[in-house]
Structures are given as structure tokens and as C-alpha cells.
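Have a look at the structure below, then the notes.
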Amino acid sequence: MWYRLFKHVLVGPLLRLLGRPDIEGLHHVPQDGPVIVAANHLAVIDSMYLALVLPRRVTFLAKQEYFTGTGLKGRFNRWFYTVSGQVPVDRTGGTAAADALAAATRILESGGIWAIHPEGTRSPDGRVYRGRTGTLRVAIATGAPVVPVVLSGTDRVNPRGSRRWRFAKVRISFGAPRYYLAADQHPRAATDDLMRELAARAGRPYVDRYAATFSHGPAASRRQAG
Numbered sequence: 095m096w097y098r099l100f101k102h103v104l105v106g107p108l109l110r111l112l113g114r115p116d117i118e119g120l121h122h123v124p125q126d127g128p129v130i131v132a133a134n135h136l137a138v139i140d141s142m143y144l145a146l147v148l149p150r151r152v153t154f155l156a157k158q159e160y161f162t163g164t165g166l167k168g169r170f171n172r173w174f175y176t177v178s179g180q181v182p183v184d185r186t187g188g189t190a191a192a193d194a195l196a197a198a199t200r201i202l203e204s205g206g207i208w209a210i211h212p213e214g215t216r217s218p219d220g221r222v223y224r225g226r227t228g229t230l231r232v233a234i235a236t237g238a239p240v241v242p243v244v245l246s247g248t249d250r251v252n253p254r255g256s257r258r259w260r261f262a263k264v265r266i267s268f269g270a271p272r273y274y275l276a277a278d279q280h281p282r283a284a285t286d287d288l289m290r291e292l293a294a295r296a297g298r299p300y301v302d303r304y305a306a307t308f309s310h311g312p313a314a315s316r317r318q319a320g
């Protein structure tokens, strides 16, 4: 109930008003069965726009910290992520990666949509960065199709470092589903191909480095350029 209420009443209308999203290729998303939606990552609200435009319910893996905070904000986050059907994952322990992949596998085995940003964190400058291999490992293991998605404009609606949302045009483009077989796919090579495809579809440069290795701010930018 809460998922539909957020999507259609509490948050969705505001997102549509601010971003006026143009949607392309939505027919590529299968109408039933397990699906992995793999998108580039520009802003915190990327996940909200994906949930808004996908007709089926979509599930993300959320940091466990969102479910364990204290105070008013912590209680609100725990309630919001719980009622919206997100799955908490501990990303700090040695088995964190395996636990996350197991949680994603359960979502797909139940016939659901698992949405993921393979870059693992937001792009610091709009370019598309190297992806983590977990997405393709799960795809190869489960046989679920991967639908590549390119988002643009979300970083203007929700600029990094700002708590205010702004008016800006959002575009969301879904590509044809990709199927991966264990016999002829290596997760690293397949992930690199997927990220390069996202970069090409977005019309943005591809960076063969993890986005998490980039610090933010003018001083960091000068160091990375040097």
C-alpha cells in the first residue's frame, strides 16, 4: 500500500512536476518474471525516478545504516525504507558482498525487479565510471535479463550537496534486455561492456576507474588532474 501511495500520491506527482520525465524504450522491460535494471548513477533521486516510471514494483538494496539510525531522522528513514519495500544490506563486513548478492538473488527468484547502479556510488562529474561485477554475477547465476538504463537531468533536479530540489528536464532511456550465459561470459568483461554501453547511450565519456576512488571538491579535482 505505502509503495503505491508514495509513487502515485506523496512523492510521484512532485517528481513529475519537477522533472517532466521523457521516457524512452519502456517496452523493453519484461512485463513479468525476474529482471535486473542496471542504470548509471547521477543523483540520490535516481532510484525514485526509476520507481516512478517502471509500471512494476522495483526493489533496491539499501544500506543497513538507513534502518538503524536514531532520533527522528533515523526513525523516519527506517520507516520509509521499510514500507517502500527496500532490502537492508550490511556492506561493512567481510561477507557483505556475498550477502548483497544473495539478497538480490532472492528478489529475482521471487520474480521481482532488482534495480542497481553498478557504479556503486554517484558519478562525481557526470561521466560513467567502472562498474562493480555483482550485477553481472547475479545475472549469470540466475539467468535474469539485464535492462540497461540511462538517466540524465536528475543531477540538475537534485544537485550534489544541495537539499533543495529544482526544476530540470529528466530523460530516462531503457535499452533492449541482455541475457548472459555462464558458459561464455566473464563477469568483469561483461560488466565493462555494459558500462561502456551506458556511456555511449548517455553520450558521456567512460572512465575505467571506480567512482568511489574520486574525492570531491576543487582541491581533489586539481590533484586528480595533475
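The sequence shown begins at 95 in this note's numbering and counts up one residue at a time.
For every residue, glycine included, the Cβ atom is placed at its ideal position computed from N, Cα and C.
Quick caveat, the model's predicted, so the values are computed rather than measured.
By Cβ distance, which residues of its chain are closer than 8 Å to residue i, with the 5 residues on each side in sequence left out?
{"i": "residue 320", "result": "Here residue 320 scores only 33 on pLDDT, less than 50, and its place in the model should not be relied on; the value that follows carries that caveat. Cβ within range, chain order: n/a, list empty."}
{"i": "residue 234", "result": "274, 275, 276, 279, 281 and 284"}
{"i": "residue 232", "result": "130, 195, 198, 199, 202, 208 and 238"}
State the Cα-Cα distance for the pair residue i and residue j, rounded to the nearest angstrom.
{"i": "residue 106", "j": "residue 100", "result": "6 Å"}
{"i": "residue 245", "j": "residue 129", "result": "18 Å"}
{"i": "residue 114", "j": "residue 250", "result": "13 Å"}
{"i": "residue 224", "j": "residue 138", "result": "19 Å"}
{"i": "residue 301", "j": "residue 140", "result": "20 Å"}
{"i": "residue 230", "j": "residue 122", "result": "18 Å"}
{"i": "residue 222", "j": "residue 173", "result": "32 Å"}
{"i": "residue 264", "j": "residue 136", "result": "11 Å"}
{"i": "residue 306", "j": "residue 289", "result": "15 Å"}
{"i": "residue 183", "j": "residue 163", "result": "14 Å"}
{"i": "residue 205", "j": "residue 193", "result": "19 Å"}
Compare the C-alpha of residue i against each of the options and name the closest.
{"i": "residue 266", "options": "292, 272, 254 and 255", "result": "292"}
{"i": "residue 269", "options": "254, 296 and 255", "result": "296"}
{"i": "residue 126", "options": "219, 150 and 165", "result": "150"}
{"i": "residue 147", "options": "117, 174 and 161", "result": "117"}
{"i": "residue 152", "options": "210, 158 and 217", "result": "210"}
{"i": "residue 217", "options": "181, 247 and 191", "result": "247"}
At which residues does the alpha helix (DSSP H) containing residue i begin and terminate?
{"i": "residue 177", "result": "165-177"}
{"i": "residue 156", "result": "From DSSP, residue 156 is part of no alpha helix (DSSP H) but of the beta strand (DSSP E) over 155-157."}
{"i": "residue 145", "result": "140-147"}
Kindly list the residues whose CB is nearer than 6 Å to the CB of residue i, restricted to its own chain and excluding five residues on each side of it in sequence; keep chain order.
{"i": "residue 228", "result": "195"}
{"i": "residue 272", "result": "240"}
{"i": "residue 160", "result": "171 and 175"}
Leaving out five residues before and five after residue i in sequence, what residues of the same chain have Cβ atoms less than 7 Å from its Cβ?
{"i": "residue 318", "result": "No answer about residue 318 holds up, because its pLDDT of 41 lies below 50 and its placement is not dependable."}
{"i": "residue 259", "result": "112, 251 and 252"}
Just to confirm the assignment, what range does the beta strand (DSSP E) spanning residue i have?
{"i": "residue 137", "result": "Neither: residue 137 is in no beta strand (DSSP E) and is coded neither H nor E."}
{"i": "residue 209", "result": "207-210"}
{"i": "residue 182", "result": "181-183"}
Start-end ranges of the alpha helix (DSSP H) lying completely within the region 215-291, minimum 4 residues: 228-236 and 248-251
Considering only residues of the region 95-128, which uninterrupted beta strand (DSSP E) runs meet the minimum length of 3 residues and lie entirely inside it, listed in chain order? 116-118
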